[in-house]
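Colleague: Per our numbering, the very first residue in the sequence shown carries number 3; after that it's consecutive. Glycine included, every Cβ here is placed at the ideal spot set by N, Cα and C. Bear in mind that the values here come from a model prediction, so they are computed numbers and not experimental data. Take a look at this one; I'll ask things after.
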Amino acid sequence: MLSESSGTTRNPHITVIPVRQAFGAEIQGADLRTIDPDDFSSIYRAWLDHSVLLIRGQILTDDDLIAFSKNFGALDLAPIQETGRRFVEGHPEIYVVSNVMKDGVPIGSLGAGEATWHTDMSYLEQPPKASLLYALEVPPAGGDTYFCNMYRAYESLPQELKDRIAGSTLSPPDKYLLLKHDGTYNSGGYVRQGITVVDDPMSSPGAYHPLVCTHPETKRRVLYLGRRRNAYIQGLSLAESESLLDELWSSATREEFLWHNRWRVGDLVLWDNRCTMHRRDPFEATSRRVMHRTQIKGETRPSA
Ligand code: SIN
């Protein structure tokens, strides 16, 4: 349980306790099965302000998770899992993240290994707006999920690097650098269904987005990196692109921009996919971890 800080806000029902200055908050006093419009608008405001919310102690069926998620916008159907399975029978919006095997077949994605830093499905022209991850079974150790604040990652860059990647105020718009977000591999290193492996960042499949984007609701600027593997900055030689990306990645993922969750059963974490990245620690393969996720459809293309 977090102690209250000076940033704590309350409405009659729920309390918002920032984890750190402007990144991550815990919501207390909410039962997501019976949320009313006032509580939802406080949660939505907190989510925009803090980018990642943790709501503990929830008891949710898949229908409850779907119903709460729909407050944020239309839902995506779950992405195809590594096994080729599409979704949970009867609940096409639920994506299972799990290492558990049933009849020799994984019931979900990502196994027990590390999931590397990523923004969900940024290889699409219009990536999802948000994701909600609900813990049904958690391992006794490991499997923590880390989030990175991409507003701070951008704001902390030296001015000359900002000008180089986003153009200075005097530059024409074509000075903005575009980054290719690879669609070959998922964050667990598995090849996506139906994709032929291409390990050349210059020719692998994916979508180009500006390296610096403006959040469509908060209007703040973010560094939009997506994922490192097979990433490529348009117009640069491969060596230049790799070197600039290495510099940006090592600056963005500094400890001071991170928050992480040590999962408990009943935790729901929801993140703003437009201004965060996340990664997951590995855990013991003999432990069980079962998480159900929903995804809110993107409403806009990432834009400078
Ligand atoms: C994900 O990347 O969506 C899954 C994160 C996790 O398993 O904690």
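1) How far does the alpha helix (DSSP H) with Y133 in it extend, from its first residue to its last?
2) If you pair each beta-carbon of the stretch 146-166 with each one of the stretch 246-262, do three or more pairs fall below 8 angstroms?
3) Under a criterion of Cβ closer than 7 angstroms to any non-hydrogen atom of the ligand SIN, which residues qualify, in chain order?
4) Within its chain, find whatever has a CB closer than 8 angstroms to the CB of G110; leave out the 5 residues flanking it on each side and keep chain order.
5) Among R281, P218 and R295, which one has its Cα closest to the Cα of T302?
6) Would you kindly work out how many angstroms separate the C-alpha atoms of V90 and G145, rounded to a whole number?
7) Less than 7 angstroms between the beta carbons of G186 and S206, yes or no?
8) For F2, which three-state DSSP category applies?
9) For N263, which three-state DSSP category applies?
10) Using C-beta distances below 6 angstroms, list every residue in its chain close to W2, excluding the 5 sequence neighbours before and after it, in chain order.
11) Taking the continuous beta strand (DSSP E) assigned at S100, which residues delimit it?
12) If you follow the beta strand (DSSP E) that Q161 is in, where does it begin and where does it stop?
Modeller: The answer reads as follows:
1) Residue identity check: residue 133 is Ser in the sequence provided, not Tyr. S133 -> not in any alpha helix (DSSP H); beta strand (DSSP E) instead, spanning A132 to E139.
2) yes
3) With the cut-off at 7 angstroms, the residues found are V99, L112, A117, H120, D122, S133, L135, G145, T147, S189, H280, R282, M293 and R295.
4) Q83, Y97, V98, V99, S100, N101, V102, V292 and M293
5) P218
6) 22 angstroms
7) The amino acid at residue 186 is misidentified as Gly; the sequence shows Thr. A Cβ-Cβ contact shorter than 7 angstroms links T186 with S206.
8) Residue 2 lies beyond the range of the chain shown here (3 to 306); nothing can be said about it.
9) strand
10) Absent from the model: residue 2. The displayed extent of the chain is 3 to 306, so no value can be given.
11) Y97 to S100
12) Taken as a continuous stretch (DSSP letters only), Q161 belongs to no beta strand (DSSP E), being part of the alpha helix (DSSP H) at Q161 to A168.
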